[in-house]
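Residue numbers (the working numbering): 128 to 281.
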């Protein structure tokens, strides 16, 4: 389930902010099966997927981690880096070989602090991603657990 195009980097940031952010990007290749991060770990980087699929998962005691979303082309992987205490709320693993842009979270947070307009734009983009993922998670939970027809929004 890829996020909507509106929260992907190409349309989420004005051109000058997008170009500024991309100046600190580093291209990486991530082999299939590689853990990008573990739930509860220190969130010190984030990625924008170019190709491949990353699965977000959640620890379930006594079971395998539950995959809660699949991310692909232009999707942001990781938002916990922006919010204190900078700890991952979920885990992530490359479901296929992935090519991505990787960003140093400390450097980007410093850029946000130095330029409030840039920081506001980045925060709005990441906030929209979080809101979109919460809506998607709600829908998935209603599909799994709610009685038929109870998931409609009023």
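Note that CB positions come from ideal geometry on N, CA and C, so glycine has one too. Remember, predicted model here, so these are calculated numbers, not experimental data.
Alpha-carbon to alpha-carbon, residue j and residue i
| i | j | result |
| --- | --- | --- |
| residue 259 | residue 207 | 15 angstroms |
| residue 133 | residue 255 | Note that residue 133 scores 39 on pLDDT, short of 50, meaning its location in the model is unreliable; the coordinates nonetheless yield the value given after this. Each residue's Cα considered, the two are about 9 angstroms apart. |
| residue 187 | residue 164 | 16 angstroms |
| residue 154 | residue 235 | 16 angstroms |
| residue 252 | residue 237 | 17 angstroms |
| residue 240 | residue 193 | 35 angstroms |
Contact with chain D by residue i, beta-carbon distance below 8 angstroms
| i | result |
| --- | --- |
| residue 200 | Absent from the structure: chain D. Only one protein chain is present. |
Sequence-distant residues of the same chain with beta carbon closer than 6 angstroms to residue i, five excluded per side
| i | result |
| --- | --- |
| residue 222 | 180, 182 |
| residue 213 | 170 |
Range covered by the alpha helix (DSSP H) that runs through residue i
| i | result |
| --- | --- |
| residue 232 | 232 to 241 |
| residue 140 | Neither: residue 140 is in no alpha helix (DSSP H) and is coded neither H nor E. |
Reduced DSSP category for residue i - H, G, I as helix; E, B as strand; rest coil
| i | result |
| --- | --- |
| residue 226 | strand |
Query raised in the report: Which whole runs of the beta strand (DSSP E) in the region 151 to 223 are 3 residues long or more, in chain order?
Result: Scanning the region 151 to 223 from its first residue to its last, the whole beta strand (DSSP E) runs of 3-plus residues come out as 153 to 157, 162 to 164, 172 to 178, 181 to 185, 193 to 198, 218 to 221.
Query raised in the report: Enumerated in chain order, which unbroken segments of the alpha helix (DSSP H) with a length of 4 residues or greater are wholly contained in the region 245 to 277?
Result: The region 245 to 277 contains no whole alpha helix (DSSP H) run of 4 or more residues.
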